[in-house]
Amino acid sequence: MRPSSLKKKQNYLDVATELFLEQGFDATGLDQLIERCGGSKLTLYNYFGDKRGLLKEVVTRLTGELQTMLALDSDRNHSTEQQLQHFCRSYTAFVYHPKTMGLFRLMIAQSKQDSELIEYFLDRGPRRALAILEQLLVQLVADGQLQLTDPHNSAEQLLGALRGSRYFEALLTPQPSDSAQLQRYADRVVDTFLRSCH
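Below, the structure written as structure tokens:
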């Protein structure tokens, strides 16, 4: 794809992300995109196929950001606590980010209409996050840093603790999150988790 075409496609994705998260899938029309970005419906169809294809590209982009944020700490000289803090701070910051909360709301709204897209989202988002954390725990066990009988179950419990009781409240009542407070919360979860592993 030519640089000019790639730039135009990225612009469509930027605006589509904003509209989908603000208005929902059904209320967002392709004409709105064209009005904001220029071009034509033919151009959109060439890039994305249809509106659902555009939404899938938005999901791909946002879940890709999650995978980038959750890249494991590659410095093996860092302590177990530091490695877990790195993951847990990143995860908490991501799941409470307004864009991520908006994406979850959008997927909930689409859940009865598009089960295939939901599975795609789950595989690239929540299930991928679980797999990355499980990979970290398995490595820490192999290195003799942790004692866990079931790293998969431990990863599930740790992710649940990181979301915390106010996650559903945040989903239903959008409000800005305090990044410093989230980081302190993630560190407390890590501290509790490590104390339970010894």
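Per UniProt numbering, the very first residue in the sequence shown carries number 1; after that it's consecutive. Note that beta-carbon positions come from the ideal geometry of N, C-alpha and C, so glycine has one too. All values derive from a computational prediction rather than experimental measurement.
(request) Taking only heavy atoms of the ligand NAP into account, decide whether any of them is closer than 6 Å to the Cβ of residue 105. (result) Summarising the ligand content, the structure contains no ligands, and the ligand NAP is consequently not present.
(request) To the nearest angstrom, report how far apart residue 22 and residue 102 are at their CA atoms. (result) Taking the straight line from one Cα to the other gives about 8 Å.
(message) Can you confirm whether the segment 55-64 touches the segment 97-114 when touching is taken to mean that 3 or more C-beta pairs between the two stretches lie within less than 8 Å?
(response) yes
(request) Starting from residue 86, follow the alpha helix (DSSP H) in both directions and report where the run begins and ends. (result) Start and end: 80-95.
(message) Just to confirm before moving on: does the CB-CB distance between residue 162 and residue 91 stay below 7 Å?
(response) yes
(request) Please say whether residue 63 and residue 164 have beta carbons closer to each other than 7 Å? (result) Residue 164 is not a Cβ neighbour of residue 63, given a cutoff of 7 Å.
(request) Give the straight-line distance between the Cα atoms of residue 183 and residue 77, rounded to the nearest whole angstrom. (result) 22 Å
(message) If I measure Cβ to Cβ from residue 135 and keep anything under 8 Å in the same chain, skipping five residues before and after, which residues do I get?
(response) 72
(request) Select from 52, 190, 151 the residue whose C-alpha is nearest the C-alpha of residue 114. (result) 52
(message) Is the separation between the beta-carbon of residue 66 and that of residue 25 shorter than 7 Å?
(response) no
(message) Buried or exposed for residue 28, going by 16 or more other Cβ atoms inside 10 Å?
(response) Under the 10 Å beta carbon count, residue 28 is surrounded by 16 or more other beta carbons and is classified as buried.
(message) Please report the straight-line C-alpha distance between residue 133 and residue 87, rounded to a whole angstrom.
(response) Approximately 8 Å between the Cα atoms of the pair.
(message) So residue 80 and residue 158 are supposed to be a Cβ contact under 8 Å. How far apart are they, rounded?
(response) Rounded to whole angstroms, the Cβ separation of residue 80 and residue 158 is 13 Å, and the two are not in contact under 8 Å.
(request) Identify whether residue 145 lies in helix, strand or coil by the three-state DSSP scheme. (result) coil
(message) Given this structure, state the Cα-to-Cα distance separating residue 156 from residue 6, to the nearest angstrom.
(response) 38 Å
(request) Report the rounded CA-to-CA distance for residue 45 versus residue 84, giving the unit in angstroms. (result) Near 43 Å, if we compare the C-alpha coordinates of residue 84 and residue 45.
(message) For residue 49, tell me which candidate among 127, 179, 9, 98 has the shortest Cα-Cα distance.
(response) Checked all of 127, 179, 9, 98; the closest Cα to residue 49 is 9.
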